[in-house]
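To start, the structure itself, in structure tokens.
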Amino acid sequence: MKHITFWLSTAICVVVLFAASRLVTNDYFFFAGYVVLQYIVLATAWNILGGYTGYINFGTSGFFAIGAYSSVVLHKLWGPPIPVLIIVGGILAGAVGFGMGGLTLRLKGVFFAIGTLALAIVVQTFITNWDFVGGSRGVYIIRPPTAPLLGSYIHYLFLIMLVLAGIAVAVARSIEQSTLGYGLAAIRDDEQAAEAAGVPTLKLKLVSTTLSGALMGMAGAPLPYYVTYLDPASGFNLAYAVNAIAMPLVGGTTSWVGPVLGAIFLGTIQEVTRVTISSSLNLLFVGVLLVLFVVIAPNGLIGLYQPRRRRQDEPQRRPQAAL
Amino acid sequence: MYWDLFLNAIASGILLGGFYAAVTVGLAIAFGMLDVGNLAHPAFVILGSFCCYIFNQRWGVDPILAALVMTPFFFLLGAAIYQIYYLSFERRGEEGLRGLAFFFGLLFITEVGLILGFGVDYRFVEAPYIGPTLHLGGIDLALRTLTPFTISLVMVAGLQLFLSKTYTGRAILAVSQDSLALRLMSVRPYRVKLIAFGISIATAALAGAFLIIIQPVEPSIGRDYIGRVFAIVVLGGMGSFPGMMLAAMLLGVAESLTATFYGPSWSPAVAFGLLLLTLAVRPAGILGRRA
Numbered sequence: 017m018k019h020i021t022f023w024l025s026t027a028i029c030v031v032v033l034f035a036a037s038r039l040v041t042n043d044y045f046f047f048a049g050y051v052v053l054q055y056i057v058l059a060t061a062w063n064i065l066g067g068y069t070g071y072i073n074f075g076t077s078g079f080f081a082i083g084a085y086s087s088v089v090l091h092k093l094w095g096p097p098i099p100v101l102i103i104v105g106g107i108l109a110g111a112v113g114f115g116m117g118g119l120t121l122r123l124k125g126v127f128f129a130i131g132t133l134a135l136a137i138v139v140q141t142f143i144t145n146w147d148f149v150g151g152s153r154g155v156y157i158i159r160p161p162t163a164p165l166l167g168s169y170i171h172y173l174f175l176i177m178l179v180l181a182g183i184a185v186a187v188a189r190s191i192e193q194s195t196l197g198y199g200l201a202a203i204r205d206d207e208q209a210a211e212a213a214g215v216p217t218l219k220l221k222l223v224s225t226t227l228s229g230a231l232m233g234m235a236g237a238p239l240p241y242y243v244t245y246l247d248p249a250s251g252f253n254l255a256y257a258v259n260a261i262a263m264p265l266v267g268g269t270t271s272w273v274g275p276v277l278g279a280i281f282l283g284t285i286q287e288v289t290r291v292t293i294s295s296s297l298n299l300l301f302v303g304v305l306l307v308l309f310v311v312i313a314p315n316g317l318i319g320l321y322q323p324r325r326r327r328q329d330e331p332q333r334r335p336q337a338a339l
Numbered sequence: 038m039y040w041d042l043f044l045n046a047i048a049s050g051i052l053l054g055g056f057y058a059a060v061t062v063g064l065a066i067a068f069g070m071l072d073v074g075n076l077a078h079p080a081f082v083i084l085g086s087f088c089c090y091i092f093n094q095r096w097g098v099d100p101i102l103a104a105l106v107m108t109p110f111f112f113l114l115g116a117a118i119y120q121i122y123y124l125s126f127e128r129r130g131e132e133g134l135r136g137l138a139f140f141f142g143l144l145f146i147t148e149v150g151l152i153l154g155f156g157v158d159y160r161f162v163e164a165p166y167i168g169p170t171l172h173l174g175g176i177d178l179a180l181r182t183l184t185p186f187t188i189s190l191v192m193v194a195g196l197q198l199f200l201s202k203t204y205t206g207r208a209i210l211a212v213s214q215d216s217l218a219l220r221l222m223s224v225r226p227y228r229v230k231l232i233a234f235g236i237s238i239a240t241a242a243l244a245g246a247f248l249i250i251i252q253p254v255e256p257s258i259g260r261d262y263i264g265r266v267f268a269i270v271v272l273g274g275m276g277s278f279p280g281m282m283l284a285a286m287l288l289g290v291a292e293s294l295t296a297t298f299y300g301p302s303w304s305p306a307v308a309f310g311l312l313l314l315t316l317a318v319r320p321a322g323i324l325g326r327r328a
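Chains C and W, in that order, are what the protein sequence lines are.
All letters in the first sequence, in the order written, are residues 17 to 339 by this note's numbering.
All letters in the second sequence, in the order written, are residues 38 to 328 by this note's numbering.
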């Protein structure tokens, strides 16, 4: 499928899904749907770096919160419409992602992963000590009671996240099927060999970290309007990081389908258990499924449906590739 | 007055550093020597804290004694985890991405499991050495940090002796130096690593006792230690115990000074900032240790 065809069909999907959602009368559906869609964006964004390039980012919550807090700042200063917030959040988180790409020069494997975790905590400490955005007390955001055209504000947020998810998936698919994607795959399989074969590894890695970070920031930008009360503990919640890793790994990391499947699967399970059982238990599910899948089904859900023959044809991963 | 404050901050930083060494020594073995990036190590420390808490509250057992009783069980737990890790990742050569995700999942399961079991309240233990403070000149040494500091030094020294003097200990060092050469000499690194990883988790039981002696514990504070322990291991030169002690003291003093002069809300950034700095400035040589 050509890129343009895929973008068009994603756009059609978004429109159809939104039209279908107009038939739902229960507002809870939109609150839950927003969360699942937000996870599709986060998981897809994580997979651009983690799945395609092979660099593990534990700092998803940091990027997500950068987007959320940039919205808080803008809201207090001027109060622009959400699409503007998303763009600003994306630019800021993308800039931090670019910086993180610089880390990849020196850090591989475990060291990179821990560096990203450190990055998230450093950002969190600064936000916690920054009184303008509420510090550790948190901040209240009063959202307008109604949105233009749609009426209900949560419907508006849902539409925004749906569009964002469509964009994220289309971007991921475009990367996957382009020279950029093949370059990233080369880095993932063996960075030294890629470098020796003339792949501009640093440039590609910078593109990958920047895009991944920017998408995470964009997913976070509408958060203050969704939760209406934001504090560092919830904005930087480790659950975002765990979910962003678990969803692609459960779904499958090699294609754009994986994170989407994983996000829908895990996101729905979590929403259902949150409502029916308890809100701590839903996180336990994520942890258990993550461990089970990496141990038992290393290629995720999409790996389960792949014919055996194709799996064997895949080139053997080099043991040192990831380190 | 200012000077006194400064000296006290240094002293309590050194004591804190001794405790950090106890938390880190397990990871120095797992990550520094065996190349197993056990992100979940701090979670096992918290698990140790809660075991001590149960022993202390139910039967009034001294937390350190309780931890000593727990060590064999933690050893078995560690061995079991390594067994899974080996079969699922190391043997397939997939320890990078999936192995890390595995430990990240374990960290999360332990934390959420403890929250489900005990809630998010802060728990503490009772022991005779928790209240009093030793006054030496102008310096105050709280016994609740001095005791863990002393025992931690003994533990690290003991482990150092074990590694350099005993047959098993030397085997562990050999695995850490060149696991491929060992295989060529028809030694199975697997069994040695199993024992070493067991020891690594066993130290977490003691570190957990120290933690709950020093401060009240709730399940999610383990996260604060991920940055600290990895910073110390990396800064200390990946598996060298003297280097690790030095790095732990350095971090302890840096955090204590920050907390005294700028406020405790900045101290998490110290450890992670130091870690980022170390990772960024340290030449790539440490990464290519095996290559």
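Cβ atoms here follow ideal geometry from the backbone N, Cα and C, with glycine treated the same way.
Keep in mind it's a predicted model, so treat the numbers as computed, not measured.
- Scanning its chain for C-beta atoms nearer than 7 angstroms, with the 5 sequence neighbours on each side dropped, one finds around G69 (chain W) the residues V270, M275, G276, in chain order.
- Taking the C-beta atoms as reference points, F74 (chain C) is found no nearer than 9 angstroms to T144 (chain C).
- Against P305 (chain W), the close residues of chain C are I137, V138, Q140, T141, T144, in the order they occur along the chain (beta-carbon pairs closer than 9 angstroms).
- With distances taken between CA atoms, I20 (chain C) lies nearest to C:S194 out of C:T269, C:S194, C:A213, C:E287.
- When secondary structure is reduced to three states using DSSP, L76 (chain W) falls in the coil class, being assigned neither helix nor strand.
- Here F43 (chain W) is exposed: its Cβ has fewer than 16 other Cβ atoms, across all protein chains shown, within 10 Å.
- The three-state secondary structure of R160 (chain W), taken from DSSP, is strand.
- Residues of chain C with a Cβ closer than 7 angstroms to the Cβ of G150 (chain W) are, in chain order, L300.
- For D43 (chain C), no beta strand (DSSP E) run applies; the uninterrupted alpha helix (DSSP H) run containing it begins and ends at 43–66, by DSSP.
- Nearest CB-CB separation between I167 (chain W) and chain C: not below the 9 angstroms threshold.
- With contacts defined as CB atoms closer than 9 angstroms, A306 (chain W) and R265 (chain W) fail to qualify as a contacting pair.
- For chain W, the residues of the stretch 145–165 of chain C that bring a beta carbon within less than 8 angstroms of one of its beta carbons are N145, S152, in chain order.
- With fewer than 16 other Cβ atoms inside 10 Å of its own Cβ, T292 (chain C) counts as exposed.
- Non-local beta-carbon contacts of A116 (chain W) in its own chain, meaning distances under 6 angstroms to residues more than five positions away in sequence, involve L231, G235 in chain order.
- Taking a C-beta distance under 9 angstroms as the contact criterion, I261 (chain C) and T76 (chain C) qualify as a contact pair.
- As computed with DSSP, I176 (chain W) is found in a beta bridge with W:L173.
- At a cut-off of 4 residues, the continuous stretches assigned as alpha helix (DSSP H) that sit fully inside the stretch 84–159 of chain W are 100–122, 137–155.
- At least one CB atom of chain C sits nearer than 9 angstroms to the CB of L143 (chain W).
- Take the alpha-carbon of A209 (chain C) and the one of Y71 (chain C): they are about 16 angstroms apart.
- When 8 angstroms is used as the limit between beta carbons, G69 (chain W) is near no residue of chain C, the shortest such separation being about 11 angstroms.
- When DSSP states are grouped into helix, strand and coil, T244 (chain C) belongs to the coil group.
- No residue range can be given for G274 (chain W), since it is assigned to no alpha helix (DSSP H) and is classified by DSSP as neither H nor E.
- Bridge pairing for G167 (chain C): C:A163 [DSSP].
- Secondary structure note for M263 (chain C): its alpha helix (DSSP H) is the uninterrupted segment 254–267.
- R160 (chain W) counts as buried, since at least 16 other C-beta atoms from the protein chains shown sit within 10 angstroms of its C-beta.
- According to DSSP, Y172 (chain C) shares a beta bridge with no other residue.
- Counting only runs of 4+ residues, the alpha helix (DSSP H) found wholly inside the stretch 211–281 of chain W occupies 216–221, 226–251, 259–272, in chain order.
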